[in-house]
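Residue numbers (the working numbering), protein chains in the order written: chain A, 39 to 320; chain B, 39 to 320; chain C, 39 to 320; chain D, 39 to 320; chain E, 39 to 320; chain F, 39 to 320. Cβ coordinates follow ideal geometry from the N, Cα and C atoms, glycine included.
Number of protein chains: 6
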Amino acid sequence: MLNLVAVKRIALRALSEDIGSGDITTALTVPPTSTSRAHIVSRESGVIAGMPVAEMVFAQVAKVYGVEKPEFRIRAFDGCPIAPGQVAAEIAGPTAVILTAERTALNFLQRMSGIAAKTAHMVDLVKGTSAKIIDTRKTTPGLRVLEKYAVRMGGGQNHRFGLYDAILIKDNHIKAAGGIKEAIQAAKAGAPHAIQIEVEADTIEQVRMALETGANMILLDNMTPATLREAVALCKGRALTEASGGVTEESVREIAETGVDLISIGALTHSVKALDLSLEIL
Amino acid sequence: MLNLVAVKRIALRALSEDIGSGDITTALTVPPTSTSRAHIVSRESGVIAGMPVAEMVFAQVAKVYGVEKPEFRIRAFDGCPIAPGQVAAEIAGPTAVILTAERTALNFLQRMSGIAAKTAHMVDLVKGTSAKIIDTRKTTPGLRVLEKYAVRMGGGQNHRFGLYDAILIKDNHIKAAGGIKEAIQAAKAGAPHAIQIEVEADTIEQVRMALETGANMILLDNMTPATLREAVALCKGRALTEASGGVTEESVREIAETGVDLISIGALTHSVKALDLSLEIL
Amino acid sequence: MLNLVAVKRIALRALSEDIGSGDITTALTVPPTSTSRAHIVSRESGVIAGMPVAEMVFAQVAKVYGVEKPEFRIRAFDGCPIAPGQVAAEIAGPTAVILTAERTALNFLQRMSGIAAKTAHMVDLVKGTSAKIIDTRKTTPGLRVLEKYAVRMGGGQNHRFGLYDAILIKDNHIKAAGGIKEAIQAAKAGAPHAIQIEVEADTIEQVRMALETGANMILLDNMTPATLREAVALCKGRALTEASGGVTEESVREIAETGVDLISIGALTHSVKALDLSLEIL
Amino acid sequence: MLNLVAVKRIALRALSEDIGSGDITTALTVPPTSTSRAHIVSRESGVIAGMPVAEMVFAQVAKVYGVEKPEFRIRAFDGCPIAPGQVAAEIAGPTAVILTAERTALNFLQRMSGIAAKTAHMVDLVKGTSAKIIDTRKTTPGLRVLEKYAVRMGGGQNHRFGLYDAILIKDNHIKAAGGIKEAIQAAKAGAPHAIQIEVEADTIEQVRMALETGANMILLDNMTPATLREAVALCKGRALTEASGGVTEESVREIAETGVDLISIGALTHSVKALDLSLEIL
Amino acid sequence: MLNLVAVKRIALRALSEDIGSGDITTALTVPPTSTSRAHIVSRESGVIAGMPVAEMVFAQVAKVYGVEKPEFRIRAFDGCPIAPGQVAAEIAGPTAVILTAERTALNFLQRMSGIAAKTAHMVDLVKGTSAKIIDTRKTTPGLRVLEKYAVRMGGGQNHRFGLYDAILIKDNHIKAAGGIKEAIQAAKAGAPHAIQIEVEADTIEQVRMALETGANMILLDNMTPATLREAVALCKGRALTEASGGVTEESVREIAETGVDLISIGALTHSVKALDLSLEIL
Amino acid sequence: MLNLVAVKRIALRALSEDIGSGDITTALTVPPTSTSRAHIVSRESGVIAGMPVAEMVFAQVAKVYGVEKPEFRIRAFDGCPIAPGQVAAEIAGPTAVILTAERTALNFLQRMSGIAAKTAHMVDLVKGTSAKIIDTRKTTPGLRVLEKYAVRMGGGQNHRFGLYDAILIKDNHIKAAGGIKEAIQAAKAGAPHAIQIEVEADTIEQVRMALETGANMILLDNMTPATLREAVALCKGRALTEASGGVTEESVREIAETGVDLISIGALTHSVKALDLSLEIL
């Protein structure tokens with residue numbers, strides 16, 4: 039589910055940032071009656087995400103000009119793989135609308151597709167294991183809803199959306215609470231009933247303490263595959279396990295094979311290579 | 039100049055996205071009276087950008103809790119290089135404020151520092167040539183003001199901020215206007231007097247036509263070093279030259295040595311590796 | 039935790055609604071230099087909630103007038119019982135600020151205290167049982183964050199904050215999914231890992247099916263005490279139970295004694311009698 | 039008149055509060071192509087108010103999903119009485135839209151209908167007298183425009199909308215102005231010409247002073263029926279009279295029979311029992 | 039009363055319009071540590087209005103730069119006359135703040151002082167008569183609250199603030215209602231009790247009808263002095279009279295001498311000559 | 039280009055200011071089913087600007103009432119001259135919509151047309167010379183985008199839109215920078231490449247220094263025609279010249295004949311006489 043009212047708000051903000059007091063190049067060079075057909079084409083392999091956002095950008099630019107929104111025909115839907123040279127979408131409408139919208143639409147689409155492609159690659163690398171690839175809160179400020187959606191389009195799953203919809207007790211919370219036991223008990227006493235308690239553990243000793251106090255999920259932070267394996271064995275049947283910390287293309291398979299339930303990767307959203315897409319007027 | 043009223047608005051949006059109906063972990067585990075000291079530490083080499091944004095995030099979270107803002111002492115100012123293990127900032131204040139602000143502050147700081155570091159690296163690679171590294175409009179929607187600032191902190195310069203403060207006639211504008219000559223003339227007739235006319239050219243022939251019609255700047259799109267050199271020679275003394283298109287760490291030096299005035303690089307902002315920073319409670 | 043940045047936004051909205059183009063009575067009759075001391079006094083027994091909101095209202099009205107905010111000394115803190123005639127807060131400052139803020143501050147305080155008082159009464163009625171009193175999503179549009187806070191101040195606990203932080207499969211979802219089993223399985227497959235699955239059941243048969251498919255919580259809708267007791271016995275050790283539907287002061291004790299874990303009451307927030315508070319200038 | 043642009047803004051705020059990062063239950067269990075028909079049904083007797091608000095909620099949720107708005111056929115219009123079991127509205131459209139909108143639409147409709155029903159009951163109790171039932175500023179912060187509208191739908195009339203559209207000199211204004219005479223004269227000298235002066239009086243003596251200084255309306259605060267009668271006699275033909283203070287179902291008739299022009303009742307909006315409405319998928 | 043929270047909102051909007059992505063001239067030429075003293079000086083005679091708005095602009099620009107707000111010492115307060123060469127305000131603080139704020143602060147101050155000066159001139163022209171000079175709704179969109187305040191500073195009084203706080207039945211309402219009698223009766227039946235009924239009349243005949251149906255105020259539209267005199271005589275003691283329509287410096291005295299109570303002048307706000315003020319760095 | 043999304047935002051703000059809690063006159067006197075036809079007619083000669091804004095106002099008021107937008111047929115398009123008695127637009131739709139929208143629509147249209155008319159008059163006065171009439175930043179706060187558009191509709195051209203899209207070094211910047219040479223060099227070193235450097239000069243000496251340091255445009259401030267002529271001769275072929283300061287209908291021709299390229303006039307927007315337009319129901 040992608041809340042299109044939220045998407046509209048985000049798209050308008052981006053357009054306002056780019057258009058400001060007006061697209062002066064287009065105003066001076068493009069006749070108001072000119073219409074065009076255009077393609078959004080990929081120059082590399084990847085996975086598409088963000089088509090409804092791109093479509094919204096074109097629709098809103100049409101409102102800027104007070105004209106009908108361009109026809110926007112999606113050829114590669116969100117979540118679908120795309121090959122170099124493949125057409126992702128066809129657009130037809132006023133040339134001014136297409137040119138003013140182009141950059142903003144691509145900025146969304148390239149970033150979201152970059153995330154989806156990276157996620158899909160990671161998911162592919164752990165295929166056959168029981169591990170699931172999940173994201174983190176290391177998203178671009180203001181775009182979390184889009185980036186978490188892109189992760190899903192790449193075949194990943196979402197960890198919590200924010201500080202409000204899950205409990206994750208980290209080492210700093212433990213210090214402040216006066217101990218791992220105290221922290222978990224305080225959380226259990228006051229937590230909403232539908233929300234489980236996840237605790238960060240750096241050592242096998244901490245994993246044991248977390249299990250004893252009744253943690254439902256354990257984040258295994260920066261452990262070696264050997265230690266991970268040991269932790270997973272301890273937790274089996276008692277708590278869900280999440281491996282976290284510096285996971286890369288090189289290490290993800292070995293981590294997955296330790297039997298962890300979840301592998302969270304900040305780089306899915308904090309270090310993204312935009313997918314190389316371009317808009318071509320026909 | 040970084041408009042701190044705009045920064046505050048962006049920071050509040052990011053915090054609202056992350057905090058939502060409340061930081062439930064902190065509410066349950068951290069005593070209201072607990073205070074802490076913390077360091078923001080780098081785990082790799084790079085260039086810092088975004089300290090005023092991070093400081094604003096901590097100040098706004100203090101308002102969320104209705105308490106005094108934490109002391110925030112900057113140890114590595116924007117634009118300064120940083121080494122692994124080096125402390126970038128020291129923070130002291132209520133533990134709850136620090137923990138609730140941590141992720142959002144780092145999300146800004148890591149992305150902006152990543153941009154600054156990448157820019158500084160590119161600037162370094164062309165040292166000794168007359169070429170300047172500039173950015174593009176391929177920025178994260180909603181964060182352009184921060185990302186263009188980060189480019190400056192990395193030693194780069196800014197191209198236009200949006201569609202409103204420069205004229206850049208691309209091939210699609212030329213088509214719609216009915217030719218390169220027509221497009222440039224239309225732009226000259228109506229352009230604000232303080233703004234120069236830049237035109238995109240893919241071939242030497244187009245460079246010639248642009249010069250003849252009086253373009254002030256020419257964007258040389260995806261040309262080989264040899265062609266670039268020829269174009270630069272033609273333009274010398276008549277128009278500023280900008281090389282653009284797929285510039286990488288590998289190619290940037292050779293491009294700079296052709297004598298172009300400006301090298302614009304979309305990847306400075308569209309494909310960023312976050313700088314690895316973390317917050318550690320002491 | 040009460041997010042005071044959110045509270046400020048809500049307070050400003052309420053003040054704008056009340057002040058509009060200006061408090062003409064005060065402007066015409068109160069000299070700008072006049073200062074006063076005032077008490078907020080209760081005329082009945084109850085529980086206080088909303089003091090930080092009231093304080094924020096006075097602080098914002100001071101900004102409307104461009105003067106220092108009045109001194110606001112809380113005498114009955116949120117969550118504390120109050121008796122008829124008891125002073126809840128003392129205020130000292132410009133008379134104009136106090137009179138312009140009075141009604142809006144009381145509107146918040148009376149409603150929130152009304153909710154806290156009602157919740158505290160319900161909590162009191164089930165004392166000695168293991169049942170917890172929780173709220174619902176039947177809150178006043180725009181004020182949910184305040185009303186859920188007031189429930190906590192009355193000793194109740196919060197059910198989910200919205201559609202986003204819990205899964206509650208109701209009969210209509212079951213119909214659309216094609217059956218209770220299908221609905222639960224679909225939810226389990228895609229739900230965030232920290233969030234448990236709650237299912238509504240109207241009959242013992244449905245309770246059984248929900249348990250078999252692995253529901254974590256079961257909402258027992260409008261059941262008689264006898265049926266409740268049977269359902270609770272079935273769920274013991276397998277799923278949390280929530281009694282819901284038309285719970286009143288008269289019925290809540292008997293329901294609690296069936297052994298249910300949670301009793302949710304919409305009327306805590308949808309049908310509230312404001313606590314009778316008034317502001318008196320000394 | 040109900041400003042639907044204002045209603046849209048209020049509805050969007052309420053939806054954003056409830057939907058947040060997404061309706062996860064519906065996303066997981068309801069197929070996107072599923073459509074349904076539903077009824078909004080009353081479970082008790084009352085008066086309907088808020089149909090345009092409910093319709094707006096469904097229309098906006100359709101925008102959230104990017105689909106056509108559901109058909110919304112009103113069967114009991116605002117201001118009409120409703121009986122237990124009677125259908126108030128019929129809805130047909132995407133199941134996801136109906137289920138995501140349900141709670142927010144009902145939250146508005148139940149509160150507004152509760153106000154209308156309570157008002158209608160009070161109006162009924164004074165039938166045959168010349169007294170009119172009016173509301174106060176004791177409304178829910180942020181919803182005044184809806185609640186004052188609901189009072190009108192119940193057959194009541196509105197007192198002032200805010201501090202800006204009427205002059206009501208209360209005892210605290212009188213103190214600050216230095217006396218009742220001084221307050222009224224100051225108000226008369228500066229008041230907009232279309233706005234009359236209302237003054238609060240607690241005793242017959244104060245009523246006399248207010249009349250002598252030329253007040254146009256007198257608020258008779260917390261007087262016994264006997265005193266009210268005396269005050270009304272004094273004011274006849276010279277000023278409008280408003281009885282105020284703790285008016286209940288039990289006392290309203292006796293107060294009306296004293297001959298007062300207006301009876302203002304804060305509880306119409308500050309202590310409302312929501313009308314029991316539910317949405318049923320057919 | 040000037041609502042400074044509203045003023046802040048208006049000032050921020052104006053600054054955002056002017057500063058956009060940054061004051062590039064100041065950023066490049068003014069050293070961050072430079073401080074200055076400046077005077078706002080008048081170049082002509084007039085009346086000052088808008089000092090709190092100008093002060094707010096400087097304070098908000100200080101927030102843009104993240105520095106302390108400049109000292110702002112008012113030498114000519116709102117409502118005071120000013121002579122050519124006279125200093126209206128002294129400012130001391132960071133040069134960058136002063137230069138970035140200058141134009142926006144003056145734009146407010148010059149317009150508001152222009153209105154105050156024009157109003158004061160009109161008030162002066164009718165001195166000795168009983169007529170009061172009032173404004174209309176012909177204000178600049180978005181600035182009504184400031185412009186009505188400026189009228190008061192010039193010694194005028196305010197007509198209604200908007201469509202919401204007075205009833206003014208114009209010829210078009212009369213047509214739609216089916217006659218002057220029908221319109222007035224409908225208004226009387228439903229109008230809030232504190233609001234009087236004003237009716238527009240073009241002829242003596244219409245004045246008579248309005249009086250008979252009980253209008254409280256009559257707008258005498260575009261009448262000659264002779265007709266005005268006749269109308270005023272008819273209304274004496276029965277309704278307030280307002281002369282309206284094309285009132286100029288030349289005609290206002292003669293109109294005032296007809297005995298009308300109020301003279302409304304749209305040009306006070308719709309056709310304003312800005313007062314010639316400038317900011318000079320010392 | 040007039041950004042209609044920005045126009046909508048401005049129109050909604052203006053309507054909210056005027057309608058507030060409701061158009062009570064129209065609500066009480068105009069039957070909901072009443073429809074009308076109306077003309078917007080000019081009472082004087084001028085130039086029209088703002089038709090899309092007026093149309094937007096009517097469209098938004100239709101949304102306020104929840105009805106179809108009125109038919110709005112433009113008879114005098116933006117930039118066209120209009121004569122006394124000429125119909126500028128025809129409107130047909132619900133009477134309530136037309137009457138509620140009337141004043142706000144006219145407020146925009148009269149101001150913008152006033153600006154266009156004044157500009158056209160100035161442009162006419164310099165006909166045959168090479169001088170162009172341009173505006174300044176002395177616009178109404180919040181309406182710059184509309185007022186700069188109106189200047190273009192009158193045949194003028196726009197100077198910079200704000201502090202962000204041009205460099206204009208004034209005497210205060212020069213002082214702070216430590217000299218004209220220092221200021222220009224600093225600006226050249228850091229300015230975006232597409233933006234030229236304009237410098238203010240009060241004397242021929244300053245013109246010389248500005249030219250020597252490479253200024254691209256020179257603002258000739260308050261010079262006599264003789265000095266202007268001398269300055270223009272010096273700058274010919276080296277820099278664009280702009281005459282500024284107290285330009286009036288009387289002086290503009292003589293200034294234009296000195297050969298300056300641009301004449302900037304603050305009064306185009308800061309001292310406007312509204313064009314006399316009215317709406318007449320047929």
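Beta-bridge partners of residue i, as assigned by DSSP
i               : result
G131 of chain F : F:S74
Q195 of chain C : C:I172
I301 of chain B : B:I171 and B:A281
L206 of chain B : B:E236
D259 of chain D : D:S282
Buried versus exposed call for residue i [16 or more other C-beta atoms within 10 Å across all chains shown]
i               : result
E318 of chain D : exposed
R111 of chain C : exposed
D162 of chain D : exposed
P69 of chain C  : exposed
F115 of chain E : exposed
L266 of chain D : buried
S316 of chain A : exposed
N-terminal and C-terminal residue of the alpha helix (DSSP H) that residue i is part of
i               : result
L306 of chain E : A305 to H308
P90 of chain E  : M89 to Y103
Start-to-end residues for the beta strand (DSSP E) that takes in residue i
i               : result
N113 of chain A : The sequence shown places Arg at residue 113 of chain A, not Asn. Element bounds for R113 of chain A: n/a, residue is neither H nor E.
E318 of chain B : L315 to I319
Beta-carbon proximity of residue i to residue j, cut-off 8 Å
i               : j               : result
T157 of chain E : L306 of chain E : yes
P122 of chain F : R175 of chain F : no
K253 of chain B : G152 of chain B : According to the sequence shown, residue 253 of chain B is Ala rather than Lys. No, the pair does not count as a contact, with Cβ atoms beyond the cut-off.
L144 of chain A : T64 of chain A  : no
K101 of chain E : L53 of chain B  : no
I256 of chain E : I233 of chain D : no
V270 of chain C : V164 of chain C : no
* Near-chain D residues of the stretch 192-204 of chain A (beta-carbon distance less than 7 Å), N- to C-terminal order -> F199
* **Interface positions of the stretch 284-301 of chain E facing chain B (Cβ-Cβ less than 7 Å), listed along the chain** => If the cut-off is 7 Å between Cβ atoms, the stretch 284-301 of chain E has nothing near chain B.
* Asked: For the stretch 175-187 of chain D, which residues have a beta carbon sitting closer than 9 Å to at least one beta carbon of chain E?
  -> none
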